[in-house]
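*Asks:*
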Amino acid sequence: MLLLCLALMGNASADYDKEGKAIFKNLMTQHADAFVRVSYVMVSSYMGQEETQQSSTTGVIIDPKGLILVPRMVVEPSLPNMSKLTPEQRVSFKMSARDFQIHFPGEDKPLEAEALTSDADQGVGWLKIKSLGERKLKFVDIAATEPAEPGMSYYVVERLEERYGEKPIMSWGIIQGQIDLPQQAHIVTGALGLAFSARGKVLGYVSANFEGMGNDSFSMTGGLRMLLTPAKRLHSANLRAASLLNEPAAP
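In terms of our numbering, the sequence shown is residues 4 to 254.
1) Compute the Euclidean distance between the alpha carbons of residue 31 and residue 146, then round it to the nearest angstrom.
2) I think residue 152 touches residue 196, with their Cβ atoms under 8 Å apart; what is that distance to the nearest whole Å?
3) Compute the Euclidean distance between the alpha carbons of residue 231 and residue 102, then round it to the nearest angstrom.
4) Is it right to say residue 150 is buried, meaning 16 or more other beta carbons lie within 10 angstroms of its own, or is it exposed?
5) Within a Cβ cutoff of 7 Å, which residues of the same chain sit near residue 79, ignoring the five residues on either side of it in sequence?
6) Pull up the distance between the alpha-carbon of residue 48 and that of residue 139, whole angstroms please.
7) Out of curiosity, what's the CA-to-CA distance linking residue 199 and residue 96?
8) If we call anything under 8 Å between Cβ atoms a contact, is residue 61 one with residue 40?
9) Is it buried or exposed for residue 202, if we count other Cβ within 10 angstroms and need 16 for buried?
10) Just the C-alpha distance for residue 126 and residue 211, rounded to the nearest angstrom, thanks.
11) Go ahead and pull the three-state DSSP assignment for residue 23.
12) Based on Cα-Cα distance, which residue from 143, 44, 58, 112 lies nearest to residue 207?
13) Using the Cα positions of residue 148 and residue 238, report the straight-line distance between them to the nearest angstrom.
14) Check whether the Cβ of residue 97 sits closer than 7 Å to any heavy atom of the ligand SAH, and report yes or no.
15) Quick one: what does DSSP say residue 143 is sitting in, helix, strand or coil?
16) I need the boundaries of the alpha helix (DSSP H) containing residue 75, first residue and last residue.
17) With DSSP collapsed to three states, give me the class of residue 216.
18) Does DSSP classify residue 116 as helix, strand or coil?
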């Protein structure tokens, strides 16, 4: 009986691994070329003292004209507990980002980009590549969606830093449930970023909600929640951002 149980467990594990490999191959084939590394300089100032810090993250090209989806913190940086600062502290503390550069795998020279806009509710921001020249961009079609449901697995593609060869990797998470307040979204646990189904369709965007952080000492997350906003809502926001592509940049 023990040998039979071990054999069954081994078969289940092999099937699980086979499925995971197929999902990885599918996502990389469909989408990996649209994921880039975004570097930028974060600037913070308090009481007249300014500090700068080099940072980078993964961005995803969502429009052939050079529109790139990034975490909101890239475009509009802030402290996780900014709301807990006194009014005097908030006035004295400022954060901003500048010098955006888009790094393509295997290329030495990055392309310059500029901040376009952001969406606080969805935790996303958008950058615009300043000059594409003759370059043709691979991009993710955000309109190719699939409804997210509790219990589903979701998958996120990330582009690693130069020291890791700028390789794409896959992370995953689980959709734990659905909420209607303070907005319609799903609660998830797992990776942050643009979420795909196993078939490679867009489920939405996963961002961290820091508003309740530190308020629930008995929770395993300490009040920090990860929200997956619906794909259709993300698509609408992307259309609004894309409408700004042809507008002149602010001086």
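Note that beta-carbon positions come from the ideal geometry of N, C-alpha and C, so glycine has one too.
Keep in mind the model is a prediction, meaning the values are calculated, not measured.
*Replies:* In this structure, then:
1) 19 Å
2) Going by Cβ atoms, the distance from residue 152 to residue 196 rounds to 19 Å, so no, they are not a contact pair.
3) 29 Å
4) exposed
5) 121, 128
6) 39 Å
7) 37 Å
8) yes
9) Note on residue 202: under 16 other CB atoms within 10 angstroms of its CB, so exposed under the neighbour-count rule.
10) 7 Å
11) helix
12) 143
13) 9 Å
14) Only the bare structure without any ligand can be found here, which leaves the ligand SAH out of the picture.
15) coil
16) Counting along the chain, the alpha helix (DSSP H) containing residue 75 begins and ends at 75-78.
17) Residue confidence is low: residue 216 scores 43 on pLDDT, short of 50, so the model does not pin down where it sits. Its coordinate-derived value is still stated next. The answer is coil: DSSP assigns residue 216 none of H, G, I, E or B.
18) Three-state DSSP puts residue 116 in a strand.
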